[in-house]
Structures are given as structure tokens and as C-alpha cells.
Amino acid sequence: MLTPFERMIAKRYLWPGKGEAFIALVAGISVGVVMLSVAMLVLVMSVMGGFRGEMLDKFAGLNGHAVVQAYGGKLDNWETTLEQVRSTEGVISASPLIEQPLLASFNGRAVAIFVRGHTAEDIADLGDKVLLGNIADIVPESGKVAIGSRLASNIGARVGDTITVINPQGRVTPFGTSIRQVGYEVGAIFEIGLYDFDETFVIMPMEDAQTLLLLGDTVGLIEVTVTDPDNVGEILEPVRDTLVGRAAIADWKEINSTLFEALEVERVAMFFVLSFMVLVASFNILSSLVMLVRAKTRDIAIMRTMGATRRSLLKIFVTTGTTIGTMGTLAGLALGFLLLYFRNPIVDGVAFLTGVEIWDPSVRFLTSLPVRVEPLEIIGITALGIGLSFLATLYPALKASNTDPVQVLRYE
């Protein structure tokens, strides 16, 4: 704790007088640099955390945290396996799924698609992602499907149009294999928010997918959602042993390993690099305090002769420098949160001024700039800013506390 004397002197040194404008300028620059470096750390880490979290949520929303994938594409006796997965501790939900890459055509345009056969419950869960049409119309034997917004844009299809889904593996006849071409009415257009999904997915009832793909009563996959995505492998370990020879379990880490590992490496690298900005800012605090100590050498010597202890001087200058760092850190947090709040208008403004599309969904998978603020990260950034500011004060504070009043005032 500071004594009233120490508090008064520290406050005085925080606001240098008119003759010390240069010291005040350096201190102001220190606050500004700390503010900008902390704001950039908050902005970058929150955006990268949001990018990872949003992609995981969207992948999990459509694929689950893991899939039980049958060898050969057909999971026999899948009802028993489904119940076994659902009864596993840590599993929130499990649903059968059919997924197959096929072709679709409309008005002479042919594109590659992924046909996905879902249960009625899973199709109903897409209701909040529907842009046009009615997801309730997608029922077995209705002849209706839901397609992604990018796919609809690419082929020019609208709700009510009929697209043709082409399955090269048709029925075998004496004249060879006949390609199956089935027309489906577009009953709804959805947008997941992941570019690849919105560009390729055609969703239909599972019974219709089984008929289209000639699967009978089998399915190809079981998608699983768990309570702790980071430990999905451990949660599903009991199930894995019972599926040997019939199916394999692939979790989200394996399915998207390259993408998420790259994101994690980039996240750590960006934190490490941007932390150097805070370190540079702390050097500014150190230089401003060194200048302050040199300018106040005579005052320090007088205070020493009047009874001020070395400990008091140490506390005064440590408080002064740490206060500068704390002000910059808090201002940086405020600026960072402000930038996060207006992130999309800022991106749009920069794109308008430069004429370059900064956020290209086809490259970055997501259609908008995501953000996820992690409280522990914010605490860590705050501790980093204040901690480095504190360390920067130690040398000039020790220098001030070791001032010899006899040497300084010898010729006064």
C-alpha cells in the first residue's frame, strides 16, 4: 500500500509540468503503444477463436463431433449400433445418415453435389437456416429436397424448380448398367454458413436417399454429438472396440485435422508475434521512466535528505510506470472490444476503399467474420500488458532508489 506522501508524488510524476512536455509526450506515446498492442491482441485472438469455434459448431451442426462409418458404405444392423452409441456415457445424440457424392443438373448446368439423407428430426433442425421455402415440406415420398444457397445460385434454381440428381451406379440390366436420373422439386433453400456445404449439399429424407442409392434398409453413417468435443475419442472408445471389422469411428479432429491443426498453429504463432508488440510498448515505458528519473534526480536527492526511504522511492516509480501500463492496457481492451463490435462494417469499408474483397467465403469457408471472446484469454492479455509494464519499471525505480543525495547535492 502507498502512503499519502508516496501517492502524492506518484500522482505528480504521472502528470509532468509544463517544462517537462517531452517526458509527458513519451509517456503518452507509451500509453498509446500499449493500447494499440493490447487491442490488436484482443482483436486477433478473438477473431481466430471465433473462426475455430464457428467452424467447429457448423461442422458439428451438420456432421456431429464424430461419425461411425461403415466399411463398404453400408452399415448392416445399424439400429443396434445406433442404440449402443446413444447409450454411451457422454453422448448427447446420435442419428443415422446417408451421404454420397453425385451429380445434379438444371437447365443444362451440371454440378457435383453431396446427397445427404437425414431423419425427419434432423431435417426439422435445419428450420432456422432456411432462407426460402418450407423445410416442413421435405418429407418421405414428397419428391422434394432442400439445397444450399450457393448451389441454388450456381445452377440458377429457385423454390419450386425441379433439379435432376444423377446416380451413375444404377441398376444392372442385360444391356449394361443404367444410370439413374431422378427429378426432385426444390422445396427449401438453406444456408449453413460454411461455403463448401452451401455449395454442394442436397438434403432429402433418408427413405428417399435409400431409394435413390439402392441401399435398401441400410445406412452409411451414424453421426454422433458428445458433451466434450475435445475428448470425443475417449468418450467413444467403448464403442470403437465393438465395431472392429464392421465400421470405423472418425472424429472431427481426424476429419478436419489439416484445417484445425493449421488454425491452432496460426493462433499460437499470432499470439507469440503480437506479444512482442506489448514488449516493445513496455520498453517505451522504461525509456519514459528513465528520462523522468534523470529529470528528477535533484528532487529525488532532496526527498532522500528529508527522510524518504529507498523503499518509498522504489514504490513511487513502480506505481508511476505500472499505472501508465494499466491505463494503456484498459484503453486497449476498450478499443479491442469496440473494433470487435464494428468488425463487419470495418471489413466492408476497407474492401470498398481498396476494391479488394477481404473476406472471401470460398477461401475462408465462413460467410461472415466470426468472433468468440474467451474470458481466460482476455485475462491473460491483461496480465501480459500489466505484467510487462511492471517489469519495465524495475530498472528505473531501482536507479531512483539508489540515488546518492551527497553526490547529487554536493555543488548545490
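Note that the UniProt record's numbering numbers the sequence shown so that position 153 is 153, with each residue one more than the last.
The beta-carbon is built from N, C-alpha and C at its ideal position, and this holds for glycine as well.
1. Would you check if the distance between the CB atom of Gly117 and the CB atom of Met206 is smaller than 7 Å?
2. Looking only at its chain, what residues have a beta carbon closer than 7 Å to the beta carbon of Ala27, apart from the 5 residues adjacent to it on each side?
3. Could you tell me which uninterrupted beta strand (DSSP E) segments, each at least 3 residues in length, are contained entirely in the segment 42-115, listed from first to last along the chain?
4. What did DSSP end up calling Asp217 once you bin it into helix, strand or coil?
5. Do you know offhand how far Leu43's Cα is from Phe337's?
6. Would Phe317 be called buried (16 or more neighbouring beta carbons within 10 Å of its own) or exposed?
7. Would the segment 188-197 count as touching the segment 119-137 if we require 3 or more Cβ pairs under 8 Å?
8. Measuring CA to CA, which of Arg304, Thr393, Val373 is closest to Glu54?
9. Runs of 4 residues minimum, wholly inside the segment 125-176: which ones carry the alpha helix (DSSP H) assignment?
10. Under 8 Å by Cβ, that's how I've got Ala152 and Ile135 pegged, so tell me the actual separation to the nearest angstrom.
11. Give the DSSP bridge partners of Pro205, in chain order.
12. With a threshold of 8 Å, are at least 3 pairs of Cβ atoms found where one atom belongs to the segment 212-225 and the other to the segment 61-74?
13. Spell out a yes or no on whether the segment 28-35 and the segment 284-302 are touching, meaning 3 or more CB-CB pairs, one atom from each, closer than 8 Å.
14. If you draw a straight line from the C-alpha of Phe342 to the C-alpha of Thr326, how long is it?
15. Please state whether DSSP places Asp404 in a helix, a strand or coil.
16. With the cut-off set at 7 Å, would you say Met45 and Gly328 are in Cβ contact?
17. In the DSSP assignment, the beta strand (DSSP E) including Arg180 goes from what residue to what residue?
18. How is Ala308 classed by DSSP in three states: helix, strand or coil?
19. Since Ser37 contacts Met277 with CB under 8 Å, what's their CB separation in whole angstroms?
20. What's the gap between the Cα of Trp15 and the Cα of Phe352?
21. Helix, strand or coil for Asp251, going by three-state DSSP, please let me know.
Once the coordinates are examined:
1. Residue mapping note: residue 117 aligns to position 117 of the sequence shown, counting from 1. Residue mapping note: residue 206 aligns to position 206 of the sequence shown, counting from 1. Yes. Within cutoff.
2. As a first step, residue 27 is located in the sequence shown; it is residue number 27 there, counting from the start. Counting only Cβ-Cβ distances below 7 Å, and skipping sequence neighbours, we find Ser288, Ile324.
3. 66-70, 91-106
4. The residue given as residue 217 occupies position 217 in the sequence shown. If DSSP states are grouped into helix, strand and coil, Asp217 belongs with coil.
5. Locating residue 43 in the sequence shown gives position 43, counting from the first residue. Locating residue 337 in the sequence shown gives position 337, counting from the first residue. So the alpha carbons of these two residues sit roughly 7 Å apart.
6. Walking along the sequence shown from the start, residue 317 turns up at place 317. The residue is buried, with at least 16 neighbouring Cβ atoms inside 10 Å.
7. yes
8. Residue 54 sits at position 54 when you count from the first residue of the sequence shown. Closest option to Glu54, Cα to Cα, is Val373.
9. 149-155
10. Sequence index remark: in the sequence shown, residue 152 carries index 152 (1-based). Sequence index remark: in the sequence shown, residue 135 carries index 135 (1-based). About 14 Å separates the two Cβ atoms, so there is no contact after all.
11. Along the sequence shown, one-based indexing puts residue 205 at 205. DSSP lists His118 as partners of Pro205.
12. yes
13. yes
14. By one-based count along the sequence shown, residue 342 stands at place 342. By one-based count along the sequence shown, residue 326 stands at place 326. If you take the alpha carbons of Phe342 and Thr326, they lie about 24 Å apart.
15. In the sequence shown, residue 404 corresponds to position 404, counting from 1. Coil.
16. Here residue 45 is taken as the residue at index 45 of the sequence shown, counted from 1. Here residue 328 is taken as the residue at index 328 of the sequence shown, counted from 1. Cβ atoms of Met45 and Gly328: not closer than 7 Å.
17. As a working note, residue 180 is residue 180 in the sequence shown. From DSSP, the beta strand (DSSP E) with Arg180 extends over 180-190.
18. Indexing the sequence shown from 1 puts residue 308 at position 308. The answer is coil: DSSP assigns Ala308 none of H, G, I, E or B.
19. Within the sequence shown, residue 37 is the residue found at index 37, counting from 1. Within the sequence shown, residue 277 is the residue found at index 277, counting from 1. Ser37 to Met277, Cβ: 4 Å. Contact.
20. Position 15 of the sequence shown, counted from the start, is the residue given in the question as residue 15. Position 352 of the sequence shown, counted from the start, is the residue given in the question as residue 352. Cα to Cα, the separation comes out at about 42 Å.
21. For the purposes of this step, residue 251 is identified with residue 251 of the sequence shown, where counting begins at 1. The answer is strand: DSSP assigns Asp251 an E or B state.
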